[in-house]
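Enquirer: Per our numbering, residue 18 is the first one in the sequence shown, and the count goes up by one each step.
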Amino acid sequence: KAITVAAGSSPPGISAADWVSHRHSSIAGDRGRGTDVPLPILRQGSLPHGRYDRILLDAPCTASGIVRRHPDIPWLRRPADVAQLATQQARLLDALWPLLGPAGRLLFAVCSVFVDEGEQQVQRFVSRTPDARLLPLPGRSANAEPILQLLPAEAEADTADGLPGVHDGFFYALIEKHD
18 KAITVAAGSS PPGISAADWV SHRHSSIAGD RGRGTDVPLP ILRQGSLPHG
68 RYDRILLDAP CTASGIVRRH PDIPWLRRPA DVAQLATQQA RLLDALWPLL
118 GPAGRLLFAV CSVFVDEGEQ QVQRFVSRTP DARLLPLPGR SANAEPILQL
168 LPAEAEADTA DGLPGVHDGF FYALIEKHD
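(1) Beta carbon of Glu-193, beta carbon of Gln-166: below 8 Å?
(2) What residue from Leu-123, Gln-138, Ser-144, Ile-90 has the CA that sits closest to Tyr-69's CA?
(3) Going residue by residue through the region 89-119, where are the continuous alpha helix (DSSP H) segments of at least 4 residues, counting only ones entirely within it?
(4) According to the neighbour-count rule (16 or more other Cβ atoms, all chains shown, within 10 Å of its Cβ), is Glu-171 buried or exposed?
(5) Under DSSP, the beta strand (DSSP E) around Glu-162 begins and ends at which residues?
(6) For the structure I just gave you, are there three or more beta carbon pairs, one from the region 102-109 and one from the region 75-86, closer than 8 Å?
(7) I'd like the span of the alpha helix (DSSP H) that includes Phe-142, first residue to last.
(8) Helix, strand or coil, according to DSSP, for Val-127 in the structure here?
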């Protein structure tokens, strides 16, 4: 995802980080797939505070929204996984928030349909973080909820609000840092 975003940026001012160290080589290897984009790979603890205007947190989750494409997920998950992953997500939100500069925005994304990993996670974060506020997602109507929970769907036509008819389950929320 970072490489795709970097390829569409001009100039490509983007960094990638993963808290799981064995994935660093995977990120570096992905650069060899036809996209020659400079992408610094940062490690936990090396990210400068207040430097970023935008952060995409593609948080670890149960992947409950992509069971259609990965039918083994229900057998790989345990009941305690939701709470464990929600705790990890909260820690990541708290760790990344100080890295945003003034008026910076963080897009929180998970491929989960569970509210503990989506809506409740974001509501708890905004409640405990005085300088955080939810923003409407780009491309959505002004009256739309500031969060988007997609449930897996296989409709023949695109939805009225421009979403593809066939999609997996995802959750998105855009959070802005304000004074």
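We treat Cβ as the ideally placed atom computed from N, Cα and C, and that holds for glycine.
Expert: Inspection of the coordinates gives the following:
(1) no
(2) Leu-123
(3) 90-93, 98-113
(4) exposed
(5) Premise fails: Glu-162 is in no beta strand (DSSP E) and is neither H nor E.
(6) yes
(7) 136-145
(8) strand
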